[in-house]
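Inspection log for the structure reproduced underneath, given as structure tokens.
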Amino acid sequence: MIFRETKLKGAFLIEPEKLEDPRGFFARSWCQKEFERQGLNPRLVQCNISFNAKRGTLRGMHYQVKPFEEAKLIRCTRGAIYDVVVDLRAGSETWGESWAEVLDSENRRMLYIPEGLAHGFLTLADTTEVFYQMSEFYAPECARGFRWDDPAFALAWPGPVEVISDRDRGYPDFAK
997 MIFRETKLKG
1007 AFLIEPEKLE
1017 DPRGFFARSW
1027 CQKEFERQGL
1037 NPRLVQCNIS
1047 FNAKRGTLRG
1057 MHYQVKPFEE
1067 AKLIRCTRGA
1077 IYDVVVDLRA
1087 GSETWGESWA
1097 EVLDSENRRM
1107 LYIPEGLAHG
1117 FLTLADTTEV
1127 FYQMSEFYAP
1137 ECARGFRWDD
1147 PAFALAWPGP
1157 VEVISDRDRG
1167 YPDFAK
């Protein structure tokens, strides 16, 4: 795996290192030892699939607070997403800054999101599926979010939001 740190410390874009031959290729998508060597949280306790029928579906912006903060490893296994993270770590030099990347079934990239960052995505294609691996169990009492169009962060999405849940639409502005 090829790890490239983003401008948000601890958030990594991870590309598969392909071993190709006439059959196609083989690539590792997870290795506890490689994650530990990068200083990343290797704990994985839960995996989820998010299936999105329509292009323009927005999910986010989500995070969990202590004691159930979670690191996430995100991969788009079908279709394409514009994946966004926002640094909410107190004292971070990049607090409030965002970073985004297109993840799709063709580039096979993954995004490692450390604890303390909010996450959301907009689908760029119909029938998009996203695979999540998390370091912590979902704890509803610690789940938080802010609106995708919160002026505090001025996130630039690449297209219109066509589908969004009532919960995500109803999040308040982020309280600093």
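Under this note's numbering, the letters of the sequence shown match residues 997 to 1172, in that order.
Every residue, glycine too, gets a C-beta built ideally from N, C-alpha and C.
Note that the structure is a prediction, hence the values are computed from the model and not measured.
Collapsed DSSP secondary structure at residue i in the structure displayed
i       : result
Asp1083 : strand
Arg1055 : strand
Arg1074 : strand
Gln1034 : coil
Lys1068 : strand
Asp1169 : coil
Those residues which DSSP pairs with residue i across a bridge
i       : result
Glu1016 : Phe1021
Leu1009 : Arg1000, Leu1107
Ser1046 : Val1126
Tyr1060 : Correcting the residue identity first, residue 1060 is Gln in this sequence and not Tyr. Ala1139.
Val1159 : Thr1053
Burial state of residue i, where buried means 16 or more other Cβ atoms lie within 10 Å
i       : result
Ser1131 : buried
Arg1163 : exposed
Tyr1134 : exposed
Asn1048 : buried
Ser1025 : exposed
Gln1060 : buried
Reference residue i; option with closest CA among the options
i       : options                            : result
Ser1161 : Ala1135, Phe1064, Leu1054          : Leu1054
Leu1036 : Phe1133, Leu1009, Phe1064          : Leu1009
His1058 : Lys1003, Ala1152, Ala1067, Lys1050 : Ala1067
Phe1031 : Ala1096, Asn1044, Met1106          : Met1106
Arg1071 : Thr1002, Gly1141, Glu1102          : Glu1102
Lys1062 : Leu1084, Gly1056, Asp1145          : Leu1084
Ala1086 : Arg1074, Glu1111, Val1098          : Glu1111
Glu1065 : Lys1029, Leu1040, Leu1151, Trp1144 : Leu1040
Gln1042 : Arg1024, Ala1023, Leu1069, Gly1052 : Leu1069
Ala1114 : Cys1027, Phe1149, Thr1123          : Phe1149
Lys1003 : Glu1158, Ala1096, Pro1168          : Ala1096
Min CB distance residue i to chain C below 8 Å
i       : result
Ala1135 : The chain labelled as chain C is not found in the depicted structure, where only one protein chain is given.
In chain order, which continuous runs of the beta strand (DSSP E) of length 3 or greater are located wholly inside the segment 1091-1145?
Here the runs fully enclosed are 1094-1100, 1106-1109, 1113-1119, 1124-1130, 1139-1141.
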